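Take the sequence shown: its position 437, counted from the start at 1, is 436 in numbering that gives the first Met the number 0, and no numbers get skipped.
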Amino acid sequence: MCGIVGIVDAGGASFPLYYALYALQHRGQESAGISTFEGTTLHTYKAQGLVAEVFESHTLEKLRGNAGIGHVRYPATGSAVPENVQPFNFRYQGLDLSIAHNGNLVNTTELREEYERKGQIFCTTTDAEVIGYIIAEALRTSKSMENAVRHCMHRLRGSYAIVALLNDTVYAFRDPLGIIPLCIGELDHGYIIASESVAIDALDGKLIRDVRPGELVRLDGDDLSSTQITTAKRTAHCIFEYVYFARADSVIDGRLVYDVRRRIGQGLYDVLPITGDIVCPVPDSGTAYAAGYAERSGIPFVEGLMKNRYVGRTFIMPVQQQRERAVRIKLNTVKGNLKGKRVVLIDDSIVRGTTSRRIVKMIQEAGASEIHLRVGSPPIISPCYLGVDMPSRTELIASGKGIEAVRESVGATSLAYIPLRDLVEAIGCNEQDLCTGCLTGCYPVGISGEECRHNAIDYVAGTHQADLSAFRIEKQRT
Ligand code: AMP
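Okay, here's the thing in structure tokens:
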């Protein structure tokens, strides 16, 4: 996953983009970048590091212009090297195109090979560059961004939310299954499109709605318009956004993520009740779940672990040894709260098991008498090919193992996961409208060697039900 944002603001785009990227920092800590357009000039500044490390006031001042896009990167396809930092720029026939992508394509290799056969030389290993070439090639012949995006959507398979700056117009589109979140907000002097609504909040803006799957949105000066490029029969929103990835204060597809997680916590008690002295979250990802569990069970919510706020997400560490050290630095126990207690420990997910094993050991060492680990998602058994970093089955602790084996490996007194149907119920939509690939091994798009769900939507060229009508979104000023 990554974070993307596009802004048109009459007072200048760079500072709002910076604040929006700050709000999306949890979606990627590897690099940050901003492109703006002013008069006839495209300005871009990007580098590896956190948003606050990459940008300074004087850099933002040089990024002049009222329209721009931004990106924070979490490496999915393409390694963490400087040339993979987004946005990417393409310049031809008097047009400047800058592009930023969140998601993961499953047909990148085929597309790359096809373009390489035609003589294209790629400078990076990212999907974004491939997408940029597809759009640029289509723009050469069609001259219309709508047609170029339509052509692009026919070519891409996988997950994508994209913001593009074509001269001074911002475009944004979301894959036909809506796997990756993307929403539209209104600002005092313009509009914003961002991965999550927290970016809109950061600018005191108003969330208008989500970008629809298969929709292209255009921000041009004071004008916001949209074209439904393609419509799929079902969506496949990433279930893991609700479980872990999105910020709890974000609203995704009309649902406050905190409420979803709290309901999952309540469901965890309803389906798997256990008696304990305290309900303790793994901070911060387990907090909303633990609040729900405590509420439903009547067991007091007590913090037994404290997080060092200045350490990034553990997964950002590329090798296992660094990851293990990071967990130790990141969390400490509140020993007085744990000594002699039967602890119901709540986390959102177990992926590799590194965090759980370490935390269970720390809580034991702090003197807890029992540790009942409750998890807000079902066992993660399959890799994600669509953007989340959980690469191979061999690294997933629950893959090919029973729950008892996982319990033994993490060292908890008992272990239980929320069943999929209860997780889906807490989210409040139909299971068929979610991507549950990591939990079921069945994916919404065809992936070689993997099971594809029977009602998968094939949106390869020729199968679209294209709705070509363009419609305006009325400006909702209050
Ligand atoms: P693990 O130690 O591998 O079991 O990781 C599980 C912990 O990492 C949980 O506490 C989650 O909150 C968090 N987590 C889960 N998935 C991811 C991910 N894709 N990237 C970063 N952190 C994650």
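Where is the CB? At the ideal position from N, CA and C, for every residue including glycine. Being a predicted model, the structure only gives us computed values, none of them experimental.
Selection from the options that minimises the alpha carbon distance to residue i
i, options, result
"Ala-51", "Asp-258, His-42, Gln-28, Phe-36", "Gln-28"
"Glu-37", "Ser-56, Gly-10, Ala-22", "Gly-10"
"Asp-200", "Thr-58, Ser-398, Ala-147, Leu-16", "Leu-16"
"Arg-260", "Gly-275, Ile-134, Tyr-243", "Tyr-243"
"Ile-238", "Gly-177, Asp-167, Val-281", "Gly-177"
"Lys-61", "Ala-12, Val-409, Asp-209", "Ala-12"
"Ile-161", "Glu-115, Gly-118, Cys-122, Val-210", "Val-210"
"Gly-375", "Val-270, Glu-449, Ser-97", "Val-270"
"Ala-137", "His-153, Gly-291, Thr-123", "His-153"
"Pro-443", "Arg-233, Val-7, Arg-90, Asn-166", "Arg-233"
"Lys-45", "Pro-81, Tyr-21, Tyr-114, Gly-366", "Pro-81"
"Glu-449", "Arg-406, Ser-391, Glu-403", "Ser-391"
"Tyr-268", "Tyr-416, Tyr-114, Leu-165", "Tyr-416"
"Tyr-132", "Gly-157, Val-105, Ala-163", "Ala-163"
"Thr-125", "Ile-134, Leu-49, Glu-407, Ala-99", "Ala-99"
"Leu-223", "Val-423, Arg-208, Thr-230, Asp-432", "Arg-208"
"Gly-64", "Arg-406, Leu-165, Asp-283, Val-105", "Leu-165"
"Glu-214", "Gly-264, Met-144, Ser-249", "Met-144"
"Gly-204", "Tyr-18, Ile-402, Asp-432, Gly-445", "Tyr-18"
Cα-Cα separation, residue i to residue j
i, j, result
"Asp-421", "Glu-430", "10 Å"
"Arg-262", "Ala-425", "5 Å"
"Gly-335", "Leu-395", "33 Å"
"Val-4", "Asp-276", "44 Å"
"Leu-206", "Val-256", "15 Å"
"Cys-122", "Gln-47", "17 Å"
"Ile-379", "Asp-167", "43 Å"
"Gly-69", "Thr-107", "23 Å"
"Ile-298", "Ala-287", "15 Å"
"Lys-360", "Ser-348", "17 Å"
"Val-148", "Gln-85", "19 Å"
"Thr-482", "Thr-412", "Look at the range of the chain in this structure, 0 to 477, and you will see that residue 482 is not part of it."
"Ile-130", "Asp-95", "15 Å"
"Cys-151", "Pro-175", "12 Å"
"Asn-101", "Gly-339", "46 Å"
"Glu-369", "Leu-344", "10 Å"
"Phe-87", "Ala-231", "29 Å"
"Glu-240", "Arg-254", "11 Å"
"Ala-66", "Tyr-190", "10 Å"
"Ser-97", "Val-216", "16 Å"
"Arg-111", "Gly-118", "11 Å"
Buried/exposed call for residue i, threshold 16 Cβ in 10 Å
i, result
"Arg-328", "The identity of residue 328 in the sequence shown is Ile, whereas the question assumes Arg. So Ile-328 counts as exposed."
"Thr-462", "In this prediction, Thr-462 scores a pLDDT of 31, lower than 50, which makes its location untrustworthy; the coordinate-derived value is nonetheless stated afterwards. Label assigned to Thr-462: exposed."
"His-188", "exposed"
"Thr-226", "buried"
"Tyr-309", "exposed"
"Tyr-73", "buried"
"Ser-30", "buried"
"Ala-289", "buried"
"Pro-272", "exposed"
"Arg-404", "Note that residue 404 is Ala in the sequence shown, not Arg. Ala-404 should be labelled exposed."
"Tyr-21", "buried"
"Glu-128", "buried"
"Gly-266", "buried"
"Ser-481", "In this structure the chain extends from 0 to 477, so residue 481 is not present and cannot be described."
"Asn-454", "Any answer about Asn-454 is weak, because its pLDDT of 47 lies below 50 and its placement is not dependable; what the coordinates show is given next. The residue in question, Asn-454, is exposed, as its Cβ has fewer than 16 Cβ neighbours within 10 Å."
"Glu-115", "exposed"
"Ser-447", "exposed"
"Thr-354", "buried"
"Ser-158", "buried"
"Asp-283", "exposed"
Distance CB(residue i)-CB(residue j) smaller than 8 Å
i, j, result
"Cys-1", "Val-71", "yes"
"Leu-372", "Leu-414", "yes"
"Leu-186", "Leu-202", "yes"
"His-236", "Cys-451", "no"
"Leu-23", "Ala-198", "yes"
"Gly-386", "Asn-103", "yes"
"Gly-32", "Thr-40", "no"
"Ile-362", "Leu-330", "no"
"Val-281", "Arg-356", "no"
"Cys-383", "Cys-441", "no"
"Pro-212", "Arg-173", "yes"
"Arg-246", "Glu-195", "yes"
"Val-169", "Val-7", "yes"
"Phe-300", "Val-278", "yes"
"Ile-183", "Ile-192", "yes"
"Ala-293", "Leu-337", "no"
"Met-389", "Val-350", "yes"
*Report the residue ranges of all beta strand (DSSP E) runs contained in full by the segment 125-195; include only those spanning at least 3 residues, in chain order.*
157-165, 168-173, 182-186, 189-193
_Quick check on the DSSP output: what are the complete alpha helix (DSSP H) runs of length 4 or more inside the segment 331-378, in order along the chain?_
334-337, 353-364
*Whole alpha helix (DSSP H) runs in the segment 29-112 with 4 or more residues, listed along the chain?*
50-53, 56-61
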